[in-house]
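S.K.:
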Amino acid sequence: MPEERLLARRLELLGLHTVEGIRVTDNRSVMVSLSPRGVLRIHRGYARAPDRILKAVVRFVAPRTPRALRRAAEHEILSFRPEDHAIGPARRRRSGDRAQPGDVERIERLAQLFAEHNGRHFGGSLPALPFRLSGRMRTRLGQLCIRHETGEPYEITLSRGHIDRHGWAEASHTLLHEMIHLWQHQSGHAVDHGPTFRRKAEELGIAGSARRTVRARASRDRAARID
Ligand SMILES: [Zn+2]
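Numbering-wise, the working numbering comes out as the position in the sequence shown, counting from 1, plus 93.
1) To which residues does DSSP link A317 through a beta bridge?
2) Excluding the 5 residues flanking V154 on each side, which residues of the same chain have their C-beta closer than 8 Å to its C-beta?
3) Taking just the CA atoms, how far does R137 sit from I146?
4) For L106, does the count of other Cβ atoms within 10 angstroms reach 16, so buried, or fall short, so exposed?
5) Give the straight-line distance between the Cα atoms of L100 and I135, rounded to the nearest whole angstrom.
6) Using the Cβ count rule (16 or more neighbours within 10 Å means buried), how would you classify Y139?
7) If you draw a straight line from the alpha carbon of A300 to that of R240, how long is it in whole angstroms?
8) Could you check the C-alpha separation between V284 and R130 for me, to the nearest Å?
9) How big is the Cα-Cα spacing for P159 and G287?
10) Based on DSSP bridge pairs, tell me the residues matched to E224.
11) Taking the DSSP output, what are the residues bridged to S126?
12) Per DSSP, what are the beta-bridge partners of R116 in this structure?
13) Rounded C-beta distance between T251 and L226? I'm assuming under 8 Å.
14) So which residues touch the region around ligand 1, with touch meaning a C-beta under 6 Å from any heavy atom?
15) Would you kindly report the start and end of the unbroken alpha helix (DSSP H) that includes I146?
16) If you reduce the DSSP assignment to three classes, tell me which class G244 lands in.
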């Protein structure tokens, strides 16, 4: 994998010594992430990024980088559009759905909430799925994405605007809703808003319907749909 070698070489020259390994990805919602085992996952297009962008990657993953500098580094990283530099057929994401500053923290928080809900309400039985933040969901708050071909869930999408406008308590509620769908799938139930959904939602103390009212900070209530 030449891009992986190229990236490893360039990052090392720019001062990256703290990671266990590098994997290139084609995932456009998380451009750069560090696994708990210290493996850096980075979009392959960064192999062609200017040095200043890769220096920001080095700052971003360095364990001692202060929070403010880490955020600045994230801005810098996201100013580069790797999909414009990736080789091969680029399935370009439409504008409005690009990774945004703060997404790393939003996704870390979602993963943390997922683990908490999973332990508290599902006996830890649900498989961890990747998260994606969408800037294009207008009427929906969240969605459990299921592959048409196999019927397998592969991703949980949350509206970024929902998190930012309604706050983490509401986003946590939406996440739990999607986790009930995941539980339905895992237990062989239909993934829907029927009686099994309503019973489980009642048990967990959340809204048992596809719609609920959310209150935007400093604005009036609005009915919103969750899939
Ligand atoms: Zn639903």
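For glycine and all other residues, C-beta sits at the position ideal for the given N, C-alpha and C.
M.R.: On the basis of the coordinates in this document:
1) R305
2) Short of 8 Å from the beta carbon of V154, and not among the five residues preceding or following it, lie these beta carbons of its own chain, in chain order: L109, T111, V112, V125, L127 and L133.
3) 13 Å
4) exposed
5) 9 Å
6) buried
7) 26 Å
8) 34 Å
9) Taking C-alpha positions only, P159 is separated from G287 by approximately 47 Å.
10) The sequence as given places Phe at residue 224; Glu does not occur at that position. Note: F224 sits in a beta bridge opposite I249.
11) R134
12) R134
13) Before going on, a small fix: residue 251 reads as Leu here, not Thr. So it is a contact: roughly 6 Å between Cβ atoms.
14) H270, H274, H286, A303, I319 and D320
15) Where I146 is concerned, the enclosing alpha helix (DSSP H) stretches over D144 to V154.
16) Reduced to three states, the DSSP call for G244 is coil.
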